[in-house]
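Asks: Structure incoming, see below.
Numbering (this note's numbering), first residue to last: 1 to 179.
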């Protein structure tokens, strides 16, 4: 039975800690603890599907990861998606050619395996993002935004596909609707 999964790009420890600071600020104010409670890690989702057995792509992912060097990342802005029912806040990385090319190459390789790429991860519509708050109560959106604006942006670091290869294949938990 396929359970679906996401392929996530994890951050180096220093950059991850910067994102965790944002999570903790919102948790201390009891605005959003969802990402902490689900034991997530700061990441950028490169691809996600609700219906695929992860083992189908494991050889492809190992080969893909072996060909890529650490990727520089800089989170330069705070954003949210319009009309998002999850009230998701995220840090947006500066969309470098290296990041866009990595995601595009990955989706091309997955497509060659006969896996359909959903609209959210298609070349012209993928929006790279690193979630910092999810399920923010509507009446606290402005408070969350004000707190998150105090982050010292940009924050920069690296993501290394090889470093977290065993963790890059993140099994989808049944209660997740996106990631």
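Idealized CB from N, CA, C, for every residue including glycine.
Predicted model only: the values in this text are computed from it and were never measured.
Which runs of the beta strand (DSSP E), 3 residues or longer, sit entirely within the segment 76-103?
Replies: 89-93
Asks: Rounded to the nearest angstrom, what separates residue 42 and residue 28 at their Cα positions?
Replies: 18 Å
Asks: Identify, in the order they occur along the chain, each residue of the same chain with its Cβ nearer than 6 Å to the Cβ of residue 77, setting aside the five sequence neighbours on each side.
Replies: 92
Asks: Per DSSP, what kind of secondary structure is residue 8 in: helix, strand or coil?
Replies: strand
Asks: Should residue 64 go down as buried or exposed, given a rule of 16 or more other Cβ atoms within 10 Å for buried?
Replies: Burial state of residue 64 is buried, judged by a 10 Å Cβ sphere holding 16 or more other Cβ atoms.
Asks: Touch check for the segment 112-120 and the segment 5-13: three-plus C-beta pairs under 8 Å?
Replies: no
Asks: Counting only runs of 3+ residues fully inside the segment 113-155, write out the beta strand (DSSP E) ranges in chain order.
Replies: 130-133
Asks: Compute the Euclidean distance between the alpha carbons of residue 32 and residue 26, then round it to the nearest angstrom.
Replies: 6 Å
Asks: With a threshold of 8 Å, are at least 3 pairs of Cβ atoms found where one atom belongs to the segment 154-161 and the other to the segment 67-82?
Replies: yes
Asks: With a Cβ-Cβ cutoff of 9 Å, do residue 88 and residue 131 count as a contact?
Replies: yes
Asks: Once the 5 residues before and after residue 35 are set aside, which same chain residues still bring their CB inside 8 Å of it?
Replies: Contacts found: 23, 131, 132, 133, 134.
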